[in-house]
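Peer 1:
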Amino acid sequence: MSTATLEQPPAAEAAIQSFTVTFLIRRFDPDVDTEPRWQDFDVEMYATDRVLDALHKIKWEQDGSLTFRRSCAHGICGSDAMRINGRNRLACKTLIKDLDISKPIYVEAIKGLPLEKDLIVDMEPFFASFREVQPFLVSNSTPEPGKERVQSVAERARFDDTTKCILCAACTSSCPVFWTDGQYFGPAAIVNAHRFIFDSRDDNAQTRLDILNDAEGVWRCRTTFNCTDACPRGIEVTKAIAEVKQAVMRGKP
Amino acid sequence: MTDTIEAPRSPARPARKRGTNWEKWGWIYMRASGVVLIVLIFGHLFMNLLVGDGVSAIDFGFVAGKWADPFWQWWDVLMLWLALIHGTNGMRTIVNDYTNPGAVQKVLKGALFAAAAVLIVLGTLVVFTFDPCPPVAADAADLLPSFCSA
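Chains A and B are the protein sequences, given in the same order.
Okay, so the first sequence: first residue is 992 according to the numbering used here, each after it adds one.
Okay, so the second sequence: first residue is 685 according to the numbering used here, each after it adds one.
Written out as structure tokens, the structure reads:
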């Protein structure tokens, strides 16, 4: 038997089908507009394109004034969280084939944070509550000289889920409690506190539990699961918050 | 150029004041009372609506009969207290969500607290002091329910 070979060269590849997709984008230019307005764009898209590709096409070919954040464009940097068809998603991880293109696709900035321009919001309040939970290792012990701090596989697995956070703010800006007055720490800050509270190498869990045992802390969570649904990394956010609540009640992780 | 960042470990908002953490106990209360209320309310509905003649049995005499028994007195009082505090606390969180700290919020919370307090006091008083056959003048005896003369 001879080596299997391609019997005949493939016929000229059938043209990949493209679709005209309508995007309704909530625009806001603080220099001109007093109120945000919806503007529609028709874009030629392939099923495998992402919403971010559509935004690029609009910006590069139709309206250069469209403003949005994106850095890596591959779901790691967390820059392009936005509200797509009413759900918080990363534009770079939302494929056209997963959306209903028989209707316009609504794209707007995430809610609950001050709108600056088009799809860009002021992330500072979000990062402020992130900083408040002390999201860094605080250890009273020193590892053996030349060694790392030892941690078992089980101890590492305890907080593995919450290490995945990319701080895109999709969860916090999907939380109806955060929308009310913006005082609530928000899911993302609690997730990042969880990451250190349950880290066996960290010695500052008590401080973080005290910070979150506040009127604006974990007790404001109503377990609506919006955050879990919004997380582009699949973190079980509501579960993490519940674990922090349990830890606060126990008084230790 | 060196940029010094603010000490990252200094708390950004003032630490919670010492003393009872009402927010925490409020949350725990909601969980605990919710579980107890499921038993109390469904037991209440079962006894009132399903057992015996069912809903058609409920009248003045039915209630009087129930409250003649300390077991049902305590059942109803417990249900009253747990449910009213549970509901009022839930309303309080809604007020917290929909209003900003200030006069309006204070008035709304005050109204909630007052309504709950009045209902709890009144309800408890009625359950424990209810007398279906109060002593009355002889000429008013016909106003009493029929079972009082028995």
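Every residue gets a Cβ at the ideal spot worked out from N, C-alpha and C, and that includes glycine.
On a predicted model such as this, the values are computed, not experimentally measured, just so you know.
Within 8 Å (strictly less), CB to CB, does A:Ala-1160 reach chain B?
Peer 2: No, A:Ala-1160 does not count as interfacial toward chain B.
Peer 1: Between A:Val-1239 and A:Val-1182, is the Cβ-Cβ spacing less than 8 Å?
Peer 2: no
Peer 1: What residues in its chain sit with their C-beta under 6 Å from that of B:Ala-748, if we drop five residues either side in the sequence?
Peer 2: Pro-816
Peer 1: What residues from chain A crowd round B:Asn-784, counting only those whose CB sits closer than 7 Å?
Peer 2: Asp-1172
Peer 1: Going by C-alpha to C-alpha distance, which of A:Trp-1210, A:Cys-1222, A:Phe-1169 and A:Val-1124 sits closest to A:Arg-1199?
Peer 2: A:Val-1124
Peer 1: Could you pull the DSSP bridge partners for A:Met-1073 from this structure?
Peer 2: For A:Met-1073, which the question treats as bridged, DSSP gives the partners A:Arg-1080.
Peer 1: Measuring CB to CB, does B:Lys-793 end up less than 8 Å from B:Val-805?
Peer 2: no
Peer 1: In this structure, does DSSP put B:Val-811 in helix, strand or coil?
Peer 2: helix
Peer 1: So what's A:Gln-1030 in DSSP terms, helix, strand or just coil?
Peer 2: strand
Peer 1: Quick one: using the 10 Å Cβ neighbour count with 16 as the cut-off for buried, is B:Asn-784 buried or exposed?
Peer 2: exposed
Peer 1: From A:Lys-1094 to A:Arg-1074, what does the alpha carbon distance come to, in whole angstroms?
Peer 2: 16 Å
Peer 1: What are the start and end residues of each continuous beta strand (DSSP E) run of 3 or more residues lying completely inside the segment 1072–1146 of chain A, in chain order?
Peer 2: DSSP runs (the beta strand (DSSP E)) wholly in the segment 1072–1146 of chain A: 1072–1075, 1078–1081, 1096–1099 and 1106–1108.
Peer 1: If you measure from the beta carbon of B:Asn-705 to each beta carbon in chain A, is any gap under 8 Å?
Peer 2: yes
Peer 1: Which residues mark the beginning and the end of the alpha helix (DSSP H) in which A:Val-1209 is found?
Peer 2: Looking at the DSSP string, A:Val-1209 is not in any alpha helix (DSSP H), and its letter there is neither H nor E.
Peer 1: From what residue to what residue does the beta strand (DSSP E) around A:Phe-1014 run?
Peer 2: 1009–1018
Peer 1: So is A:Met-1114 buried or exposed if we call it buried at 16+ other beta carbons inside 10 Å?
Peer 2: buried
Peer 1: Is there a Cβ from chain A that is less than 8 Å from the Cβ of B:Lys-708?
Peer 2: yes
Peer 1: If you reduce the DSSP assignment to three classes, tell me which class A:Glu-1234 lands in.
Peer 2: helix
Peer 1: Pull up the CB-CB distance for A:Ala-1082 and A:Ala-1161, whole angstroms please, since I reckon it's below 8 Å.
Peer 2: Between A:Ala-1161 and A:Ala-1082 the Cβ distance is about 11 Å, and since that is not below 8 Å, they are no contact.
Peer 1: Jot down the residue ranges of each uninterrupted alpha helix (DSSP H) in the segment 689–767 of chain B, minimum 4 residues, whole runs only, in chain order.
Peer 2: 706–729 and 744–750
Peer 1: Who are the near neighbours of A:Pro-1246 in its chain, counting only those whose CB is closer than 7 Å to its CB and skipping five residues on each side?
Peer 2: The requested residue 1246 of chain A does not occur in the structure, where chain A is confined to residues 992 to 1244.
Peer 1: For a cutoff of 8 Å on Cβ pairs, would you count A:Asn-1204 as touching chain B?
Peer 2: So, interface residue.
Peer 1: If you check the beta carbons only, do A:Ile-1016 and A:Leu-1057 fall under 8 Å apart?
Peer 2: Yes, the pair counts as a contact, with Cβ atoms nearer than the cut-off.
Peer 1: Which same chain residues end up closer than 8 Å to A:Asp-1040 when comparing Cβ atoms and leaving out the 5 residues on each side of it in sequence?
Peer 2: Leu-1086 and Ile-1087
Peer 1: Show which residues of chain B have a CB atom less than 8 Å away from the CB atom of A:Trp-1210.
Peer 2: Glu-707, Lys-708, Gly-710 and Trp-711
Peer 1: Round the Cβ separation of A:Val-1012 and A:Ala-1045 to the nearest angstrom and send it over; I've been treating them as touching at under 8 Å.
Peer 2: At roughly 7 Å, the Cβ-Cβ gap stays under 8 Å, so A:Val-1012 and A:Ala-1045 are in contact.
Peer 1: Spell out the partners DSSP gives A:Glu-1035 in its beta bridges.
Peer 2: DSSP, once it has assigned bridges, lists A:Thr-1011 as partnering A:Glu-1035.
Peer 1: If you reduce the DSSP assignment to three classes, tell me which class A:Arg-1041 lands in.
Peer 2: Strand at A:Arg-1041.
Peer 1: Buried or exposed: which applies to A:Trp-1051, given that a residue is buried once 16 or more other Cβ atoms fall within 10 Å of its Cβ?
Peer 2: exposed
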